[in-house]
Every structure is written in C-alpha cells, then in structure tokens.
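One structure below.
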Amino acid sequence: MIMIMRISRNIVHDKVGFQVKHSEMELHLTKLNTAENVLLCVIRNWVASVNEAEDPRPFLGRAFDAAGILDGAPMFDELMLLTASTAFRGMDIRCEKCRVVGAGEKDILSVVSFFQSVRVHWGYNRLLSWLPATSARRAFPLARNLSNTMSNVGLYVELRNEYLEFEVIRGQLEARPSVGLPISKTFQ
Numbered sequence: 001m002i003m004i005m006r007i008s009r010n011i012v013h014d015k016v017g018f019q020v021k022h023s024e025m026e027l028h029l030t031k032l033n034t035a036e037n038v039l040l041c042v043i044r045n046w047v048a049s050v051n052e053a054e055d056p057r058p059f060l061g062r063a064f065d066a067a068g069i070l071d072g073a074p075m076f077d078e079l080m081l082l083t084a085s086t087a088f089r090g091m092d093i094r095c096e097k098c099r100v101v102g103a104g105e106k107d108i109l110s111v112v113s114f115f116q117s118v119r120v121h122w123g124y125n126r127l128l129s130w131l132p133a134t135s136a137r138r139a140f141p142l143a144r145n146l147s148n149t150m151s152n153v154g155l156y157v158e159l160r161n162e163y164l165e166f167e168v169i170r171g172q173l174e175a176r177p178s179v180g181l182p183i184s185k186t187f188q
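In this note's numbering, the protein residues as written are 1 to 188.
This is the structure:
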C-alpha cells in the first residue's frame with residue numbers, strides 16, 4: 001500500500017536563535033486543549049508507525065484508553081486507513097517534535113470540531129476536501145461517532161478560526177470551510 005500521508009520534517013526544532021516567521025493562522029501546540037492534544041498525538045503516531053511498517057493499533061489502544069475513550073481507537077484507525085488508502089491529496093502530518101499543527105492535522109481536528117459543534121455539513125464538506133465522495137460517505141459515521149464518543153467523556157475540540165476558511169458575502173464576513181483552499185486564498 002502506498003502511503004499518501006507523510007511526516008513533514010522540514011521544520012527546524014529547538015535551535016537557539018533560530019526564528020521563523022509564522023502566519024497568524026498557524027496553530028501552535030501551546031494553544032491546544034486536551035482533546036486536541038490527544039488527537040494530534042494519535043494522528044502523528046499513527047502515520048509514523050505506518051511509515052515505519054509498524055502496527056499503530058497497540059499505541060492507539062493505550063492512548064484512547066488513557067483518554068477514557070477506548071471505543072474511539074477502532075473508529076480512528078479506520079478513518080486513518082481510509083485517508084491513507086483513498087485520499088486524492090497529500091496530508092501535511094508533522095513529526096512528533098514539531099510545535100506547529102500541519103494543515104492535514106488541522107483538517108482532521110476540524111472535522112471532529114465541526115461535528116461536536118453541530119455543524120455536520122461543515123464536517124462532511126471538510127472530509128470531501130481530501131476524500132472522494134464514496135470514501136467520505138464511509139468516513140462520515142466514523143468521524144461522527146468518534147466525535148460523539150469524545151463528547152460523551154467531556155473531550156471537546158474547540159471550534160477555532162484556524163479550522164475555518166472565510167469568505168466575504170454581500171459585505172458580511174461568513175465563516176465556512178472552503179474545500180482545500182488556505183485562508184490566504186479566500187480572505188483578502
């Protein structure tokens with residue numbers, strides 16, 4: 001199986017005196033809540049494990065069990081398998097040391113956030129931004145059930161500006177996910 005997702009290793013970590021100009025829409029790990037940290041940890045570990053030809057499921061079981069959502073592990077694994085096997089675009093999944101959330105990671109976090117904030121059509125549209133329609137239909141109940149499982153134990157992924165795309169419509173600012181376009185391309 002060819003992995004479409006890959007870990008981005010082009011970010012310099014912890015070098016004294018090294019400064020990177022960051023976009024205002026970058027999401028740093030220091031801003032993440034517990035639910036986002038749990039998901040980001042399992043996303044990065046899943047991709048790293050698969051890229052190293054290791055089974056990610058033992059780690060998923062431990063991580064989801066520690067978070068009180070053991071039932072979420074198989075849903076997450078299947079969602080990631082669908083993404084890895086059918087995504088029509090690459091996903092920016094960062095290495096475990098990176099302090100900035102990658103665009104692909106934001107996509108996955110945003111789906112959970114949208115479902116938890118009862119913006120179901122936003123979640124489905126975001127799935128369609130990287131999955132073909134048949135895969136998005138299969139991924140929809142997995143992501144929705146994962147979101148509900150997390151909500152049931154009080155793990156909520158914030159609805160953040162960094163997860164949204166903006167457009168100006170009739171003089172008013174409207175936030176909605178724009179399929180596959182970065183914010184810089186949709187809001188001037």
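For glycine and all other residues, C-beta sits at the position ideal for the given N, C-alpha and C.
Predicted model only: the values in this text are computed from it and were never measured.
Between which two residues does the alpha helix (DSSP H) holding residue i run?
i             : result
arginine 138  : 133 to 152
histidine 121 : 120 to 128
arginine 44   : 34 to 51
Around the C-beta of residue i, are 16 or more other C-beta atoms found within 10 angstroms, so that it is buried, or is it exposed?
i            : result
arginine 119 : buried
arginine 44  : buried
glutamate 36 : buried
alanine 66   : exposed
glycine 102  : buried
threonine 34 : exposed
Between residue i and residue j, how many whole angstroms is the CB-CB distance? I'm expecting something under 8 Å.
i                : j              : result
leucine 142      : leucine 79     : 5 Å
phenylalanine 76 : leucine 29     : At roughly 19 Å, the Cβ-Cβ gap does not stay under 8 Å, so phenylalanine 76 and leucine 29 are not in contact.
leucine 60       : serine 113     : Not a contact, Cβ separation roughly 20 Å.
phenylalanine 64 : tryptophan 130 : In fact, because the Cβ distance is near 23 Å, the residues do not count as touching under 8 Å.
Taking the straight line between their C-alpha atoms, what separation do you get for residue i and residue j?
i                 : j              : result
proline 132       : aspartate 71   : 26 Å
glutamate 105     : proline 58     : 21 Å
glutamate 26      : threonine 134  : 31 Å
threonine 83      : isoleucine 108 : 10 Å
asparagine 152    : tyrosine 124   : 21 Å
glycine 68        : alanine 53     : 27 Å
asparagine 51     : isoleucine 93  : 12 Å
proline 56        : arginine 144   : 21 Å
leucine 127       : threonine 86   : 12 Å
alanine 48        : histidine 121  : 30 Å
valine 42         : leucine 164    : 22 Å
phenylalanine 115 : arginine 99    : 25 Å
valine 157        : glycine 90     : 23 Å
valine 111        : arginine 62    : 23 Å
With DSSP run on the structure shown, which of helix, strand or coil describes residue i?
i              : result
valine 100     : strand
isoleucine 69  : coil
arginine 94    : strand
isoleucine 183 : Note on isoleucine 183: pLDDT 39, under 50, position unreliable in the model; the coordinate value appears next. Here isoleucine 183 sits in helix by DSSP.
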